[in-house]
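A.B. asks: For the sequence shown, our numbering gives the first residue as 1, with consecutive numbering after it.
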Amino acid sequence: GQFENQQRAMARLGIVVPISILLIFLMLFSAFDSIRSALLVLVNLPFALVGGIIAIFLMRINLSVSAAIGFIALFGTAVENGTVLVTFFNQLRREGLNPMEAVRKACDLRFRPLLMTALTTLLGLTPLIYATGSGSDIQRPLAAVVLGGLVSSMFLTLIVLPVLYTLVERKNGTAEGTEAPTRRAVQ
């Protein structure tokens with residue numbers, strides 16, 4: 001009955017989620033023309049995943065199909081936040097700023113937009129968390145995953161991603177100078 005349907009749906013999601021992540025990577029690679037930048041953006045996915053799992057645990061919600069769909073939606077939002085920062089880091093680097101200056105300026109200028117996006121999503125999904133009517137058993141897991149993952153992803157994006165960007169640029173040999181990255185794939 002219902003258990004078998006859920007098992008089949010979860011098995012399909014086990015195929016869909018990795019394919020979604022691969023497609024996200026390919027689109028990022030196409031947009032950035034750089035494996036390094038695409039991977040830096042994908043670093044947000046584990047941050048989002050951790051927040052979603054913590055939210056499910058704290059709210060005592062079972063992992064369900066709607067929670068899994070929430071993770072897919074969350075991955076899109078996490079990638080968007082990372083893309084905003086990495087794109088701006090790279091733009092500032094092309095303008096001649098060194099990695100530390102680019103990271104500092106990008107975080108200063110993009111903090112408010114990232115925060116406002118997260119807050120509006122948070123406020124929009126909050127009623128779903130507290131819903132008790134018909135369909136709330138489907139809405140609550142999805143909203144919990146997105147809210148928990150969005151909170152963790154946003155803060156970790158603003159803390160860890162700039163550090164990783166600086167470390168990658170340092171390892172690439174451009175951290176001290178002002179040489180801007182070219183639009184090429186990393187070997």
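C-beta atoms are modelled at their ideal positions from N, C-alpha and C, and glycine is treated no differently.
Bear in mind the structure is a predicted one, so any value in this text is a computation, not a measurement.
Round the Cβ separation of Ala102 and Leu115 to the nearest angstrom and send it over; I've been treating them as touching at under 8 Å.
C.D. replies: No, Ala102 and Leu115 are not in contact; Cβ-Cβ is about 20 Å, not under 8 Å.
A.B. asks: Among Val84, Thr77 and Leu63, whose alpha-carbon lies nearest the alpha-carbon of Val151?
C.D. replies: Closest in alpha carbon position to Val151, among Val84, Thr77 and Leu63, is Thr77.
A.B. asks: Are Ala143 and Leu125 closer than 7 Å when you measure CB to CB?
C.D. replies: yes
A.B. asks: Would DSSP call Tyr165 helix, strand or coil?
C.D. replies: helix
A.B. asks: Return the Cβ separation of Leu85 and Arg112 in integer angstroms, given the expectation that the two are a contact with Cβ distance under 8 Å.
C.D. replies: Contact between Leu85 and Arg112 is ruled out by a C-beta separation of about 13 Å, above the 8 Å threshold.
A.B. asks: Curious, which full-length alpha helix (DSSP H) runs of at least 4 residues does the stretch 83-145 contain?
C.D. replies: 99-129
A.B. asks: Report the residue from Asp137, Ile138 and Arg104 whose alpha carbon sits nearest the alpha carbon of Val163.
C.D. replies: The alpha carbon of Val163 has as its nearest neighbour, out of Asp137, Ile138 and Arg104, the alpha carbon of Arg104.
A.B. asks: Take Leu63 and list the residues in its own chain whose beta-carbon comes closer than 7 Å to its own, dropping the five residues that flank it on each side.
C.D. replies: Around Leu63: Ile56.
A.B. asks: Along the chain, where does the alpha helix (DSSP H) that runs through Ser64 open and close?
C.D. replies: It is not in any alpha helix (DSSP H) - Ser64 carries neither H nor E in the DSSP assignment.
A.B. asks: Can you grab the Cα-Cα spacing for the pair Ala9 / Ile15, in whole Å?
C.D. replies: 10 Å
A.B. asks: Helix, strand or coil for Met59? Go by DSSP, reduced to three states.
C.D. replies: coil
A.B. asks: Is the Cβ-Cβ distance between Gly148 and Gly52 less than 7 Å?
C.D. replies: yes
A.B. asks: On the three-state DSSP scale, how would you describe Leu30?
C.D. replies: In the sequence as presented, Leu is not what sits at residue 30; that position holds Ser. In this structure, Ser30 counts as helix in the three-state DSSP scheme.
A.B. asks: Exposed or buried, what is Glu169 when buried is set at 16 or more other beta-carbons lying within 10 Å of its beta-carbon?
C.D. replies: buried
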